[in-house]
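This report concerns only the one structure given below.
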Amino acid sequence: MHNLRQKLYEMYKSKNYSESEATAEIDFASEAICGLSKKDILLGKNPTEQDKENIIKAITRRIKTQEPLAQILGKSYFMNEEFIVSKETLIPRPETELLVNKAIELINKNKYTQVLDLGTGTGCIACMIAKLTKAQVIGADISKDALKIALDNAMKMKLMNRALFRKSDFFSNIDEKFDLIVSNPPYIPKKEKNSLQKEVSIYEPELALFTEDEYGIENYEKIISQASKYLKPKAHLIFEIGINQSNLVKDILIFYGYKNIKIIKDLSAIDRVLSAKYEEQ
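Just so we're aligned: the sequence shown equals residues 7 to 287 in the working numbering.
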C-alpha cells in the first residue's frame, strides 16, 4: 500500500495539489473503494490488486478532469455515515455538520418532534437528524433526481417513516406546521461562479449552489418571509450561511419579527450557522 500511496501522491503533486488535499483524497478513495480506514492501513492491511487498479483509475480520472472524487465514486461521507451522491446533488460538506449539530441541540433541548429540511439534496441533513434524535423529518426539494438519491440514502440507513421526502419548491407543497425548519439553501451569487474551483462550478448542480441576486440572500428572504405559516409557537429556524451573509440574514429575521438570533462560527472562524426563534404574534 505504501508504494501505491507514493505513486498517487506523485500524481497529485504533478498537478499542484497540496499534500493535505492529496492525503484526504487518497484516504477517501481507499475507504470508499476498499473499505480500508486510515487505521487499517497503519495496521498493514492491503487492498486487493483489483482494488488498487480501481483506486488508480478513479484518481487518474479525478486529476485529469477535476471531477470531484465523490461523484466519480458515487458516495461521500458525512458525520461518519456513507451517503450516495450524484451529479444532481450537492456533495455534503464538513461545514454542514455544524448546522446538523446545532439542529440536534435545539431538538433535544426543546423536545421537538417535527422537523422540515428545505432543499434536502442528498438528504444528509434530514437523515442525520432522524438518526440522532426522536424527531420525524420531512426533506423537501424541487429536484426529482435529488429526491430519489435522498430516499435511497434513507432506505440504506433504515430510516423509513423517520426521514420522509417530498417534491416541493420550498413551501409550495407543504401544509404542516413544524417545531424546527432547517435549511442549507443555495447562497452563492451567480456572479461569483467564475471564481470558484472547477470541481464546484462545472460539476456540481447549479440549482443547489447559485442565486440570481447580488448578495446570495434571496432564498433566505423567501424562506423567512413565509416560514411563520409553517412554524409552531416557540419554534426555530436554522440556516447554513455563506461568507459575509450573517448580518444581512439577521436583518431579514429581525424585520420579520424573529427573536433570540444566534450566529455560530465554524472552525475557520467564519459565521456559518444562524438560528432564530419564532414567537407567535
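Cβ coordinates follow ideal geometry from the N, Cα and C atoms, glycine included.
Asked, Found
"Distance cut-off 7 Å: E37 Cβ against heavy atoms of the ligand MN", "Although the ligand MN was asked about, the structure shown includes no ligands whatsoever."
"V255 (DSSP reduced to helix, strand or coil)", "helix"
"Sub-8 Å separation of I270 and A282 beta-carbons", "no"
"Beta-carbon contacts of T95 that lie in its chain and below 6 Å, excluding the five residues immediately before and after", "G127, T128, A152, I155"
"Check whether A136 and L165 have beta carbons under 8 Å apart", "yes"
"Residue(s) in a DSSP beta bridge with R168", "In DSSP, R168 forms no bridge with anything."
"Beta strand (DSSP E) runs wholly inside the stretch 194 to 266, at least 3 long, in chain order", "237 to 246"
"DSSP state of I276 mapped onto helix, strand, coil", "coil"
"In DSSP terms, what E87 is bridged to", "F84"
"Separation of C133 from A76, as counted between CA atoms", "19 Å"
"Distance, L79 Cα to T66 Cα", "13 Å"
"Cβ-Cβ separation, Q72 to K199 (assumed contact under 8 Å), whole Å", "Not quite, the Cβ-Cβ distance comes to about 15 Å (not below 8 Å), so this is no contact."
"Status (buried if at least 16 other CB within 10 Å, exposed otherwise) for Q56", "exposed"
"Cβ-Cβ distance between L120 and D185 below 8 Å", "The question names Leu, but residue 120 is Gln in the sequence shown. Yes, these two residues count as a Cβ contact at 8 Å."
"Opening and closing residue of the beta strand (DSSP E) in which F184 lies", "184 to 189"
"Proximity of G145 and A109 at Cβ, strictly below 8 Å", "no"
"Counted within 10 angstroms of its Cβ, other Cβ atoms place S252 as buried (16 or more) or exposed", "buried"
"Rounded straight-line distance, which links the Cα of P192 to that of I223", "9 Å"
"Identity of the residues DSSP links to Q142 by a beta bridge", "Q120"
"Member of K173, F177, K183, A275 whose CA lies at the smallest distance from the CA of E227", "F177"
"Inter-residue CB distance, L273 and F245 (contact presumed, cutoff 8 Å)", "Going by Cβ atoms, the distance from L273 to F245 rounds to 18 Å, so no, they are not a contact pair."
"Own chain residues within Cβ distance below 6 Å of I4, not counting five before or after", "With the chain covering 7 to 287 only, the question about residue 4 has no answer from this structure."
"Residues near E103 in its chain [Cβ-Cβ closer than 6 Å; skip 5 each side]", "M85"
"DSSP bridge partner residues for K173 (one or two, in chain order)", "D147"
"C-beta contact flag for L105 and N190 at 8 Å", "yes"
"Where Y284 falls: helix, strand or coil (DSSP)", "strand"
"Backbone CA spacing between N52 and Y264 [nearest angstrom]", "55 Å"
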